[in-house]
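Q:
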Amino acid sequence: MTAIALTQILLNGLALGAAYALIALGFVIVLNAAGAVNFAQGELVMAGGFVSIALAPLIAEATALPGLLLLPLVMGLMGLIGAGFAWIAYFPVRKRHQVAVFVSTIAAGLVLQHLANAVFGAAPRAGPPLISGNGVTVGALSISLQQIAVMICAAVLISGTGLFLGRTQTGRQMRAVAQDPEMAAAIGIRPKRMITLSFALAIALAGAAGLLLSNQFFVSPNDGGLFMLKAYIAVTIGGWGRLDGAVIGALLIGIFETLVAALTSYLVAEALLYALLLIMLVFRPSGLLPERARARV
Amino acid sequence: MFLKSAAIALTALMATAPIAKAETIPVLVPITGFLSLEGSSQRNGAVLAVERFGKDLSLDAEVTDTGTSPEGAVTALRRALEGKPSAAVASMLGTQMLAMLPIAGRAGVPLLTVSGTAKITEIGIPWVFRFFPGDSVVKVAQAHYAVEELGAKRPALLYQTTAYGQSGAEHLRRIMQDLGAPLVFEEAIDISVKDMLPALTRMQEAKPDLILLHLHSGSTALVIRQARDQNIALPILAGSAMHQPTTAALLEPKQLAGVCAESASSPISEPEGSVEDFTAEYRARFGTEPDAFALAQYDGVSMLIAAKNAGARTATEVRDWLASNSYDGLAMTYKSDGKGNMAHDAVVVCYDGKSAVPAIKRRYENVSGVK
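Chains W and H are the protein sequences, given in the same order. Read in the numbering used here, the first sequence has 244 at position 244, and its numbers run on one by one without any break. Read in the numbering used here, the second sequence has 68 at position 68, and its numbers run on one by one without any break.
1. Chain H beta carbons: is any one of them nearer than 8 Å to that of residue 14 of chain W?
2. Tell me whether residue 284 of chain W is buried or exposed, calling it buried when 16 or more other Cβ atoms sit within 10 Å of its Cβ.
3. Let's see if you can read the secondary structure: which residues bound the beta strand (DSSP E) around residue 60 of chain H?
4. How would you label residue 243 of chain H, buried or exposed, when you count the other beta carbons within 10 angstroms and need 16 or more for buried?
5. Taking a contact to mean a Cβ-Cβ separation below 8 Å, would you say residue 65 of chain W touches residue 131 of chain W in this structure?
6. Taking only runs of the beta strand (DSSP E) that begin and end inside the segment 125–175 of chain W, which ones reach a length of at least 3 residues, in chain order?
7. Would you list the residues sitting across from residue 190 of chain W in a DSSP beta bridge?
8. Can you check whether the C-beta of residue 113 of chain W is within less than 8 Å of a C-beta belonging to chain H?
9. How many angstroms separate the CA atom of residue 23 of chain W from the CA atom of residue 235 of chain W?
10. Which same chain residues, not among the five before or five after residue 365 of chain H, have their C-beta less than 7 Å away from its C-beta?
11. Rounded C-beta distance between residue 157 of chain W and residue 80 of chain W? I'm assuming under 8 Å.
12. Please list, in chain order, the chain W residues whose beta carbon lies closer than 7 Å to that of residue 37 of chain H.
13. Starting from the Cα of residue 203 of chain W, find the closest Cα among W:4, W:46, W:18 and give me that residue.
14. Residue 294 of chain H: which of H:329, H:80, H:171, H:98 sits nearest, CA to CA?
15. Starting from the C-beta of residue 290 of chain H, find all residues in its chain whose C-beta is less than 6 Å away, skip the five residues before and the five after it, and write them out in chain order.
16. How big is the Cα-Cα spacing for residue 16 of chain H and residue 58 of chain H?
17. If you draw a straight line from the alpha carbon of residue 307 of chain H to that of residue 60 of chain H, how long is it in whole angstroms?
18. Please identify the residue among W:26, W:75, W:88, W:212 whose C-alpha is closest to the C-alpha of residue 245 of chain W.
19. Given a cut-off of 8 Å on the beta-carbon distance, is the pair residue 198 of chain H and residue 261 of chain W in contact?
20. Using only alpha-carbon positions, find the residue among H:343, H:141, H:111, H:104 that is nearest to residue 261 of chain H.
21. Can you give me the C-alpha to C-alpha distance between residue 10 of chain H and residue 125 of chain H, rounded to a whole angstrom?
22. Which residues, in chain order, does the segment 184–202 of chain H contribute to contact with chain W at a C-beta distance below 8 Å?
23. From which residue to which residue does the alpha helix (DSSP H) around residue 112 of chain W run?
24. Return the residue from the list H:226, H:356, H:321, H:301 that minimises the CA-CA distance to residue 8 of chain W.
25. Let me make sure I understand the geometry here. Which of W:39, W:6, W:5, W:201 has the alpha-carbon closest to that of residue 75 of chain W?
26. Put residue 319 of chain H into one of helix, strand or coil per three-state DSSP.
27. For residue 113 of chain W and residue 32 of chain H, which I take to be in contact (beta-carbon distance under 8 Å), what is that distance rounded to the nearest angstrom?
28. Hey, how far is the Cα of residue 155 of chain H from the Cα of residue 252 of chain W?
29. Using a Cβ-Cβ cut-off of less than 9 Å, give me the residues of the segment 218–242 of chain W that come near chain H, in sequence order.
30. Less than 7 Å between C-beta atoms, sequence neighbours within five positions excluded: which residues of the same chain meet that for residue 180 of chain H?
31. Is the beta carbon of residue 353 of chain H closer than 8 Å to that of residue 213 of chain H?
32. With a CB to CB cut of under 8 Å and the five nearest residues on each side skipped, what residues in its chain are close to residue 356 of chain H?
33. Hey, residue 42 of chain W and residue 224 of chain W are a contact pair by Cβ (cut 8 Å); roughly how many whole angstroms apart?
34. Taking the C-alpha atoms as reference points, what is the distance between residue 1 of chain H and residue 56 of chain H?
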């Protein structure tokens, strides 16, 4: 395999990993805020893809940045859906057994899947490109503009989320509720409001990932399970409850999958990924970075 | 007094008048899961045939989603058998058919399907009727077109890891070898794989002169798009998923240049005649374009209704009629080969790089020599 081909494959892996990182980031935000896994995270990524397809006609085809212009709109709408999701699938069952929350989110995910099937049909669909145009050629290396845009968008959103959670008052309040809801309430923070905000942020990120992935890799109502699995593995590898770990885990998965598949085959890459995951769970169950979350579900 | 007399007369009339007993045809197909696109076509074809030809027999279609698990299909079939149907439309997913067939065999109910998996008619259960040409027909057409029309000598094959994919790959491997053009590269691709570049990169190292695909819709479009994005201009001869209008809609016409596909038929490529009428009616009823799976299942249910019109009432009578008669459907003439394989024709369609509607380039009739 030539160096050019290898670079091309690495770029693909990085772009895919960057999109996975947004999914994993949202996954961890909910995990920390609610103390439970949102099993509908994958379906919400799929929903983000379909929302961007539905909104695409609003942006004139002639524009050079159709997806980029849609991104804030999709994230805003998905954020609202996220807030509603918290009040439908989380708050009504949060004081019951922990199993109730994940069953509730699984059910919500299935509803989303069937809804997408009924509204958009079963066929895969292509979302709007972030940037119009084919790509740039550097020597023998051809890089698609879409790939570059996906990586830049994901990097901006991940950094923005980090800054929001770390540097703003609202972000600190969200983290306080995630760490100790009772203590946060005692000092005047409203846990329900912060948990709702966490769901909104996480699902807005899922929506962004849906838009980023939908053009290059299409979207169909059944894609949710795949995205959920990648997010779960990324968080397990990176460190349960770690935002930075989730991003690192997702990038590693993206690069590992494409690189090993290019050197061997998809089946070997998949088998090796799960074998490494098993080894990691045995020898370093907390993941690459120390674990922060209260409990695993 | 008048009302009382009228009521008695009406009751007597109702007691003596022949009341047509409605029969429900179960339609057990995957509407959710990775095969939902093809399953929806199958459902639409069956429902349209019942609506169009089943009125005189008071036939009705009851659709049940089987998902993609064998358990889901078996549960749906068991529930449907409680209604003692004379036949059922069954999933096009091979693994589901293999799970359903022993149950249908024990119950003595014929299953009508468009599954392409070869094995379903090879396990010796005489209650299955396949109205879509199996791999032993379409893969022969695909391989012959590759060698005879496209001049392939060093073909590469990308196929799905599913039962459908493995069955087709096995046939292609053997037929291409027999035709003197053995595969120089092959790779199995899981349905969840999104990035095809690793496979395409390794494939190029084998220096193929043609890419053969045997993949489902989404994977087919991803391979073609990513190959063209990487300036891989090799001719591509795909499986039947490529002829589906929804697959072509994922690609730009210029990406489709040099792409052909095998299929049982291509309704949207027929500009006139009864197939065109079917296409218009299908569009009006479902708001989408029909594909070969929809037309094949439409023909299959039409043949079932023909059996009933010919006097077949019980499940055994229906089975015997389907097994011993031929039927002129819209796509082709159907006749059992003794194992329940009813379809023996195939077509190869090609795109011109300007339109998403393919043209039929070659028809392969009676490939299995049954008719």
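Glycine included, each C-beta is placed from N, C-alpha and C at the ideal position.
A: On the basis of the data shown:
1. no
2. exposed
3. 59–65
4. buried
5. yes
6. 135–138, 141–144
7. DSSP output for residue 190 of chain W lists no bridge partner at all.
8. yes
9. 10 Å
10. 345
11. Actually they do not touch by this definition, with Cβ atoms about 18 Å apart.
12. 122, 123
13. W:46
14. H:329
15. 267, 279, 282
16. Residue placement at residue 16 of chain H is poorly supported in this model, since its pLDDT is 45, which falls under 50; the coordinates still yield a value, given next. Each residue's alpha carbon lies about 19 Å from the other.
17. 16 Å
18. W:26
19. yes
20. H:141
21. In this predicted model, residue 10 of chain H has a pLDDT of only 47, less than 50, meaning its place in the structure is not dependable enough to derive any value.
22. 187, 188, 189, 190, 192, 193, 194, 195, 197, 198, 199, 201, 202
23. 98–120
24. H:226
25. W:201
26. helix
27. 7 Å
28. 34 Å
29. 218, 220, 221, 222, 223, 225, 226, 229
30. none
31. no
32. 245, 248, 249, 251, 253, 256
33. 4 Å
34. At residue 1 of chain H, the pLDDT of 45 sits below 50, so the modelled position is not reliable; the number obtained from the coordinates is stated separately. So the two alpha carbons sit approximately 38 Å from each other.
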